[in-house]
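K.L.:
Pasting a structure below so you can have a look.
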Amino acid sequence: MSAAKGRESPMGSHSAAEEGLPLYEEFQVSEPQADALPPPNATPDEVRDYLTSLLRNKHHLPDDHVRRVVACWTIGTGRELRTYTPHMYLGIFGREDGWALYRDINLEISKSQKKTFWEKRGIYIFSAISFTLMFICVMLLTHDVDETAQTVAAVLVVPSMVMCVSSVAILVIYLVVGVPSPEKRIERDLQACTRREGLPAA
Numbered sequence: 001m002s003a004a005k006g007r008e009s010p011m012g013s014h015s016a017a018e019e020g021l022p023l024y025e026e027f028q029v030s031e032p033q034a035d036a037l038p039p040p041n042a043t044p045d046e047v048r049d050y051l052t053s054l055l056r057n058k059h060h061l062p063d064d065h066v067r068r069v070v071a072c073w074t075i076g077t078g079r080e081l082r083t084y085t086p087h088m089y090l091g092i093f094g095r096e097d098g099w100a101l102y103r104d105i106n107l108e109i110s111k112s113q114k115k116t117f118w119e120k121r122g123i124y125i126f127s128a129i130s131f132t133l134m135f136i137c138v139m140l141l142t143h144d145v146d147e148t149a150q151t152v153a154a155v156l157v158v159p160s161m162v163m164c165v166s167s168v169a170i171l172v173i174y175l176v177v178g179v180p181s182p183e184k185r186i187e188r189d190l191q192a193c194t195r196r197e198g199l200p201a202a
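Take the sequence shown: its position 126, counted from the start at 1, is 126 in full-length UniProt numbering, and no numbers get skipped.
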């Protein structure tokens, strides 16, 4: 029995039709040196180079297994590599290999995406604005100021209180519960896909 057969997923093997797929070496591409995530305009050959490097270097799989898995990727470009759903990965590579590849590739995508200033600091800015507005309203209502200023403060005090309570609640949730890590989010997507199909999770 070949090494590829020995590493089949316990959740199911590739279909019999896939036995006739050409091995990666038959695509006649150069020895893979692609360690970085390929750009959206990467050719299918460049994507296969990347997949080969990923499976060899990270998962240390035998060459015949790597070639068979990579041969399943036929015409997709770097854009498809980035946008295919968990369902597509599991369908192309099989449940075990597809799970691992989707997780690894999407983790790389997550690392390569830089968060905007608002994504990184938005909650803190919102909280600062809320408390500042609340403080101004309280000061205007409790000090001897003209009638117009007090009217404005009276109108704004309720919205500012709501904003303050909301920001405190969000901060508590953010600090106590935390934001799901990319790993958790990706695995949750994969688990949701397998549940919809009635398959056991990897």
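Heads up, the beta-carbon is just placed ideally off N, CA and C, and yes, glycines get one too.
Treat the numbers as computed from the prediction; the structure is a model and nothing was measured.
1. Please classify tyrosine 113: does DSSP put it in a helix, a strand, or coil?
2. What is the DSSP secondary structure of lysine 184, reduced to helix, strand or coil?
3. Cβ atoms of cysteine 137 and leucine 107: under 8 Å apart, would you say?
4. Write down every uninterrupted run of the alpha helix (DSSP H) in the region 76-139 whose length is 4 residues or greater and which is fully enclosed by it, in chain order.
5. Any idea if valine 66 is buried or exposed, counting beta-carbon neighbours within 10 angstroms, 16 or more meaning buried?
6. For proline 44, which three-state DSSP category applies?
7. Consult DSSP for aspartate 35 and reduce its assignment to one of helix, strand or coil.
8. Buried or exposed: which applies to methionine 139, given that a residue is buried once 16 or more other Cβ atoms fall within 10 Å of its Cβ?
9. Looking at C-alpha atoms only, which residue of Gly122, Asp97, Arg188 and Arg185 is the closest neighbour of isoleucine 170?
10. Would the beta-carbon of tyrosine 84 fall within 8 Å of that of leucine 190?
11. Tell me, to the nearest whole angstrom, how far the beta carbon of glycine 76 is from that of proline 44; I am working on the premise that it is less than 8 Å.
12. Helix, strand or coil, according to DSSP, for cysteine 164 in the structure here?
13. Compute the beta-carbon to beta-carbon distance between isoleucine 125 and arginine 82, rounded to the nearest angstrom, for a pair I have assumed lies under 8 Å.
P.N.:
The answer reads as follows:
1. For the purposes of this step, residue 113 is taken as residue 113 along the sequence shown, with counting starting at 1. Sequence inspection shows glutamine at residue 113; the tyrosine mentioned does not correspond to that position. The answer is coil: DSSP assigns glutamine 113 none of H, G, I, E or B.
2. The count along the sequence shown starts at 1 and reaches residue 184 at position 184. If DSSP states are grouped into helix, strand and coil, lysine 184 belongs with the helices.
3. Within the sequence shown, the letter at position 107 stands for residue 107. Within the sequence shown, the letter at position 137 stands for residue 137. No, the pair does not count as a contact, with Cβ atoms beyond the cut-off.
4. 78-83, 86-93 and 95-112
5. Locating residue 66 in the sequence shown gives position 66, counting from the first residue. Under this definition valine 66 is a buried residue.
6. In the sequence shown, counting from the first residue as 1, residue 44 sits at position 44. It is helical.
7. Along the sequence shown, read from residue 1 onward, the residue named residue 35 stands at position 35. Shown here, aspartate 35 sits in coil according to DSSP, grouped into three states, outside any helix or strand.
8. Locating residue 139 in the sequence shown gives position 139, counting from the first residue. The residue in question, methionine 139, is exposed, as its Cβ has fewer than 16 Cβ neighbours within 10 Å.
9. If you number the sequence shown from 1, residue 170 lands on position 170. Among Gly122, Asp97, Arg188 and Arg185, the Cα nearest to that of isoleucine 170 is on Gly122.
10. Position 84 of the sequence shown holds residue 84. Position 190 of the sequence shown holds residue 190. Against a cut-off of 8 Å, the Cβ pair of leucine 190 and tyrosine 84 comes out as no contact.
11. Here residue 76 corresponds to residue number 76 of the sequence shown, with the count starting at 1. Here residue 44 corresponds to residue number 44 of the sequence shown, with the count starting at 1. Going by Cβ atoms, the distance from glycine 76 to proline 44 rounds to 6 Å, so yes, they are a contact pair.
12. Numbered from its first residue, the sequence shown carries residue 164 at position 164. Reduced to three states, the DSSP call for cysteine 164 is helix.
13. The residue you call residue 125 lines up with position 125 of the sequence shown. The residue you call residue 82 lines up with position 82 of the sequence shown. 30 Å between Cβ atoms; not a contact.
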